[in-house]
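*Asks:* In the working numbering, the protein residues as written are 2 to 251.
Ideal placement from N, C-alpha and C gives every residue a C-beta, glycine not left out.
Values in this document were obtained by computation on a predicted structure and should not be read as measured data.
Questions regarding the structure given below will be posed in turn.
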Amino acid sequence: MGLLTAFTDYRARITLEMETWWDFQILPHIPQKTEMSLNYRGTDNPANLSQAIEVSASCSLWITGLPPDCTMKQLLSSIRSAGKIFSCNINPPCKGYQTSAAKIVFWNRDGTNRFLNQYVWGTFKVGQYKPKVTMNRILVASQPSSPRSRVVRVVGPDAIVNEKYLQEYFELYFFYDLEEFSIIHHNTDTNTARVEIRFSSYRAQAAAATSWINMARMGEEDATGQMDEEEKRLWAEVKCFWGPDPCEGE
Numbered sequence: 002m003g004l005l006t007a008f009t010d011y012r013a014r015i016t017l018e019m020e021t022w023w024d025f026q027i028l029p030h031i032p033q034k035t036e037m038s039l040n041y042r043g044t045d046n047p048a049n050l051s052q053a054i055e056v057s058a059s060c061s062l063w064i065t066g067l068p069p070d071c072t073m074k075q076l077l078s079s080i081r082s083a084g085k086i087f088s089c090n091i092n093p094p095c096k097g098y099q100t101s102a103a104k105i106v107f108w109n110r111d112g113t114n115r116f117l118n119q120y121v122w123g124t125f126k127v128g129q130y131k132p133k134v135t136m137n138r139i140l141v142a143s144q145p146s147s148p149r150s151r152v153v154r155v156v157g158p159d160a161i162v163n164e165k166y167l168q169e170y171f172e173l174y175f176f177y178d179l180e181e182f183s184i185i186h187h188n189t190d191t192n193t194a195r196v197e198i199r200f201s202s203y204r205a206q207a208a209a210a211t212s213w214i215n216m217a218r219m220g221e222e223d224a225t226g227q228m229d230e231e232e233k234r235l236w237a238e239v240k241c242f243w244g245p246d247p248c249e250g251e
């Protein structure tokens, strides 16, 4: 009988879990720390390596038992009052598994702890599924405090600031997943719009989006080389801002 299952008092079990959440020797089925995921098939990017930190400081979680057709919107909309998301990736069912899995990295350990509390108390659900959450063996440290997030708000001429145009523009330069693209305001008299784009990740997605938006509005050749003069003029009127991550609030 394992140490955790030896407790018959539910409150005692929860206390032990919270006190030893990061202890690989106590929590079952958590692989030992490795420098890089054994399933990783990308390049040896240093950003994908496990960092030299204690597990108790890591913000990276591994979630299993998600709906087999789990979408980014379904997963991220199930996380509230926890913390900002630094990155999120969903793996669909593979051979031998009938459910999806996801890696979620919170912005800092405080947000990670709030989410783990919700999981331990049984309030984290995705649809009709109650997933299992463990620490990811790839350790990721907290990010510096910042207004940056995975949510980007864009305002400007509606010929540019619309879902079709912006998604096609982003697809030219980087890969991304969206939780949601929504129109906050559309003024048909001035032909201007304000939209909110909830990417699945800040890393390499929202961060890239703001970079390419700013390059286009500044008229930099890498971003505007294929644009006509009218398109460049419209881009000069575009502005972008960081929005609040709903995973942190509500």
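Of the choices A205, L67, I80, whose alpha-carbon is the least far from that of C95?
*Replies:* Start at 1 with the first residue of the sequence shown, and residue 95 comes out as number 94. Here the closest residue by C-alpha is L67.
*Asks:* Kindly indicate the opening and closing residues of the alpha helix (DSSP H) around N114.
*Replies:* Within the sequence shown, residue 114 is the residue found at index 113, counting from 1. 110-121 is the span of the alpha helix (DSSP H), which, as asked, contains N114.
*Asks:* Whose CA, out of C89, Y170, Q119, lies closest to the CA of S212?
*Replies:* Translated into positions along the sequence shown, residue 212 becomes position 211. Nearest C-alpha to S212: Y170.
*Asks:* Between the stretch 143-153 and the stretch 234-243, do at least 3 Cβ pairs fall closer than 8 Å?
*Replies:* Counting Cβ pairs under 8 Å, three or more are found: they touch.
*Asks:* Anyone know if the C-beta pair for N163 and A194 falls short of 8 Å?
*Replies:* Taking the first residue of the sequence shown as position 1, residue 163 is located at position 162. Taking the first residue of the sequence shown as position 1, residue 194 is located at position 193. Yes; because the gap between Cβ atoms is below 8 Å, this pair is in contact.
*Asks:* Cα separation between E249 and I184?
*Replies:* Along the sequence shown, one-based indexing puts residue 249 at 248. Along the sequence shown, one-based indexing puts residue 184 at 183. One C-alpha to the other measures close to 21 Å.
*Asks:* Counting beta carbon pairs with one atom in the stretch 109-126 and one in the stretch 155-162, are three or more of them shorter than 8 Å?
*Replies:* Because the criterion of three Cβ pairs below 8 Å is not met, the stretch 155-162 and the stretch 109-126 do not touch.
*Asks:* Report yes if the C-beta distance between A142 and Q52 is below 8 Å; otherwise report no.
*Replies:* The sequence position of residue 142 within the sequence shown is 141, counting from 1. The sequence position of residue 52 within the sequence shown is 51, counting from 1. Yes; because the gap between Cβ atoms is below 8 Å, this pair is in contact.
*Asks:* Nearest CA to the CA of N109: which residue from S202, V155, G84?
*Replies:* To locate residue 109, count along the sequence shown from 1; it is residue 108. Ranking the options by Cα distance to N109, first place goes to G84.
*Asks:* Distance check for L50 and H187, CA to CA, integer angstroms please.
*Replies:* As a working note, residue 187 is residue 186 in the sequence shown. As a working note, residue 50 is residue 49 in the sequence shown. Distance between the alpha carbons of H187 and L50 is about 43 Å.
*Asks:* Distance, Cα to Cα, A102 vs N90?
*Replies:* The residue given as residue 102 occupies position 101 in the sequence shown. The residue given as residue 90 occupies position 89 in the sequence shown. Cα-Cα distance, rounded: 9 Å.
*Asks:* Please state if the CB of S202 and the CB of F116 are separated by a distance shorter than 8 Å.
*Replies:* As a first step, residue 116 must be located in the sequence shown, where it is residue number 115. As a first step, residue 202 must be located in the sequence shown, where it is residue number 201. In this structure, S202 does not lie closer than 8 Å to F116 by Cβ.
*Asks:* Look at L77 and E180 and say whether their C-beta atoms are less than 8 Å apart.
*Replies:* Against the sequence shown, residue 77 aligns to sequence position 76. Against the sequence shown, residue 180 aligns to sequence position 179. Yes, these two residues count as a Cβ contact at 8 Å.
*Asks:* Count the other C-beta atoms from every protein chain shown that fall within 10 angstroms of the C-beta of T113, then say buried if there are 16 or more, exposed otherwise.
*Replies:* For the purposes of this step, residue 113 is taken as residue 112 along the sequence shown, with counting starting at 1. Flag for T113 reads buried.
*Asks:* In or out: L235 buried (at least 16 other Cβ within 10 Å) or exposed?
*Replies:* By one-based count along the sequence shown, residue 235 stands at place 234. L235 comes out buried.
*Asks:* With a threshold of 16 other CB atoms inside 10 Å of the CB of N290, please say whether the residue is buried or exposed.
*Replies:* This structure leaves residue 290 out entirely; the chain is present only between 2 and 251.
*Asks:* Taking the alpha helix (DSSP H) that M73 falls in, what are its first and last residues?
*Replies:* The residue given as residue 73 occupies position 72 in the sequence shown. Run containing M73: 73-77, per the alpha helix (DSSP H) assignment.
*Asks:* Going by DSSP in three states, E232 sits in which element: helix, strand or coil?
*Replies:* Indexing the sequence shown from 1 puts residue 232 at position 231. In this structure, E232 counts as helix in the three-state DSSP scheme.
*Asks:* Under DSSP, the alpha helix (DSSP H) around F171 begins and ends at which residues?
*Replies:* Locating residue 171 in the sequence shown gives position 170, where the first residue counts as 1. Unbroken alpha helix (DSSP H) run through F171: 164-172.
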